[in-house]
Structure formats: structure tokens, C-alpha cells
Amino acid sequence: MSVDPFDASLDLLRRLNPKRTGTNLNSIITIAPDLTEDLLATVDQPLEVARCKSGRDYLLCDYNRDGDSHRSPWTNEYDPPLMDGTVPSESVRKLEIAANEAFDVYRDLYYEGGVSSVYFWNLDDGFAGVILLKKAPKPSSAAKSSGTWDSIHVFEANDKQRAWHYKLTSTVILNMVSSGETLGELDLSGNMTRQAEKEFPKGEDSDHIANIGQMVEDLELKMRNLMQEVYFGKAKDVVADLRSVASLSATNKDRGIHQEMLSGLRQR
């Protein structure tokens with residue numbers, strides 16, 4: 007029974023350390039260059055930051071890539087320059103500009119820093135796009151903890167007879183490392199993907215930004231709460247069962263006090 011190389015590559019990536027997804031992906035592409043386009047379009051990896059000639063930072067991903075060049079959402083130009091690079095139509099570009107301004111405010115309110123980029127492109131019966139958000143602390147030799155948060159929200163907006171149908175696929179990639187003398191080194195890395203669909207009645211073109219923004223905000227909030235309750239909560243329970251921050255003598259002393267209190271209550 008033959009194994010599809012693409013499926014085998016995805017299966018391998020799922021079993022490797024998510025913190026090294028980019029490195030592992032490049033290794034697979036080197037071995038199987040024919041899978042480059044399919045893998046880059048399928049596998050989510052941490053976002054990279056670049057700076058365009060306007061002096062503003064923007065995020066790189068497969069959705070704003072054409073060959074070896076990437077398009078800036080601020081200037082609508084490719085770096086390195088391309089004569090025939092793919093760009094959205096004039097009407098969709100206006101929406102893209104408005105979306106970048108709106109999500110720049112969203113980034114500042116929710117993340118208090120970081121970088122955001124929004125890219126739109128045309129579809130036969132509507133348009134599609136991706137909203138990218140990245141937050142990473144500034145590197146410091148004195149810091150004992152570090153981490154990165156990458157949000158990738160891909161959506162399609164399809165024109166129905168009386169409404170716009172939106173389909174959103176959101177992926178969050180988290181990498182957090184903490185070290186200290188008491189606990190040692192803790193490395194939490196992983197990703198989560200969720201989907202949502204919704205219809206909104208037709209209105210002005212500017213309504214698209216509000217509709218998409220509402221869906222992104224709701225789904226990202228649900229994912230953030232789920233990660234906090236399930237992933238971090240479970241990790242805390244596991245670490246607490248395996249290791250104790252307090253010394254053994256202090257733990258035994260607390261147990262002794264606890265037993266004395268229980269004995270006193272029983273005697274009453």
C-alpha cells in the first residue's frame with residue numbers, strides 16, 4: 007500500500023515538537039521540493055516580521071507571498087519588488103486598508119503592542135482574507151521567561167442572495183518558556199484551530215469590517231479562555247502532582263498541622 011508523501015509529511019509534523027515547526031518544515035521541503043507549495047499553504051507556522059519602506063512593520067505569511075517576495079499591507083508593494091505581483095482589486099484594496107486600520111486598533115487594545123497585518127484577495131462570488139496578529143516580548147538577557155503569541159484568522163465572505171455568508175478558520179500558535187531556580191525550565195508550545203460560520207444581512211461595504219471583526223473577536227476570546235482553562239489548568243495540575251515548590255520539611259510540617267486539626271475536630 008503506497009503512502010501519499012503529502013499526508014506523510016503532515017503526519018510527521020504533527021508528531022514533532024511544535025516549537026520547531028518552521029525548522030522541521032524547511033527540512034521536509036528540502037527533501038521533497040515538489041511539496042513546497044502545498045505544505046506552505048497548509049501548515050501554520052509562527053509569523054515573521056519585516057519592515058517596508060514606509061517604516062512600518064508587517065507580518066509575512068503564505069497569503070501575502072508571491073514567489074520569494076511578500077506584499078506589504080501599508081504600501082501594497084512587494085519586497086523584493088515584483089513587476090506582476092498579485093494584488094487585490096481596487097474595491098477590495100479599499101476594504102483591506104480599512105481593515106488594517108481597524109485591526110491595528112484591536113491589536114493595541116487587546117495586545118498592548120505587537121504587530122498586525124490584514125490581507126484581502128478576490129473570489130469569484132466575494133472575497134477572502136487573513137488577519138494576522140503577533141505579540142512577542144522584547145529580548146532581554148535578564149528575563150527568565152519568554153513567549154510568543156501568533157493568531158492567524160482566515161476567512162471567506164461569499165455573496166448570497168440576501169446576505170453575506172462568512173466562514174472563519176482561526177489558529178493560535180503559542181510558545182512560552184519560563185525558567186527559575188525553584189521550578190527549573192518549563193516549555194509550553196502548541197497550537198489550536200477552531201472554525202465558525204455566520205450570516206449577516208447585506209448593507210454597506212464598510213459593514214464587512216464590523217462583521218469580520220466581531221467574528222474574530224468572539225472566536226479568539228473563546229480560544230484564549232479554552233487555552234487558559236484546559237491547557238494551562240491541566241499543565242498546572244500535572245506539575246503540582248509531580249513536583250512541589252515547598253521543601254520536604256515544610257510539606258511534612260503542613261501535613262502534621264493538618265492532621266492535628268482533623269484530630270481535634272474528631273475529639274469534639
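Following this note's numbering, the numbering of the sequence shown begins with 7 at its first residue and continues without gaps. Glycine residues also receive a C-beta, built at the ideal position from the N, C-alpha and C atoms.
How close, in whole Å, do the beta carbons of residue i and residue j come, if the pair is a contact with beta carbons under 8 angstroms?
i: Ala284; j: Phe161; result: Missing from the structure shown is residue 284; the chain here goes from 7 to 274 and no further.
i: Gly153; j: Leu139; result: That pair is no contact at about 14 angstroms.
i: Pro24; j: Gly196; result: 5 angstroms
i: Gly61; j: Ser75; result: With a Cβ gap of about 19 angstroms, Gly61 and Ser75 do not count as contacting.
i: Leu31; j: Leu19; result: 7 angstroms
i: Ala104; j: Ser212; result: 7 angstroms
Can residue i and residue j be called in contact, C-beta distance under 8 angstroms?
i: Pro11; j: Ala38; result: yes
i: Ala169; j: Lys208; result: yes
i: Thr27; j: Val55; result: no
i: Tyr125; j: Glu107; result: no
i: Ser78; j: Asp85; result: yes
i: Val222; j: Leu180; result: no
i: Asn217; j: Tyr172; result: yes
i: Tyr69; j: Trp80; result: no
i: Ser184; j: Ser151; result: yes
i: Val136; j: Cys67; result: yes
i: Asp156; j: Asp131; result: no
i: Met229; j: Arg200; result: yes
i: Met182; j: Met233; result: no
Residue i bridges to which residues according to DSSP?
i: Lys173; result: Glu162, Glu203
i: Leu194; result: Met182
i: Gly278; result: No answer is possible for residue 278: the residues shown for the chain start at 7 and end at 274.
i: Ser75; result: Asp72
i: Asp85; result: His76
i: Ala56; result: Tyr64
i: Lys141; result: Trp155
On a CA-only basis, which of the options is nearest residue i? Give me that one, please.
i: Asp44; options: Ile34, Lys59, Pro52; result: Ile34
i: Ser97; options: Gln234, His264, Glu210; result: Glu210
i: Tyr116; options: Val236, Leu227, Met267; result: Leu227
i: Gly73; options: Ser60, Thr42, Gln265, Ile158; result: Thr42
i: Thr177; options: Ala202, His264, Asn32, Ser184; result: Ala202
i: Gly239; options: Asp13, Leu194, Thr199, Gly219; result: Leu194
i: Lys59; options: Asp40, Ser15, Asn82; result: Asn82
i: Arg99; options: Gln265, Ile215, Leu192; result: Ile215
i: Val93; options: Phe109, Asp114, Arg71; result: Arg71
i: Asp224; options: His159, Asp40, Ser269, Thr36; result: His159
Original post:
In chain order, which continuous runs of the alpha helix (DSSP H) of length 4 or greater are located wholly inside the region 94-136?
Top reply: 96-117
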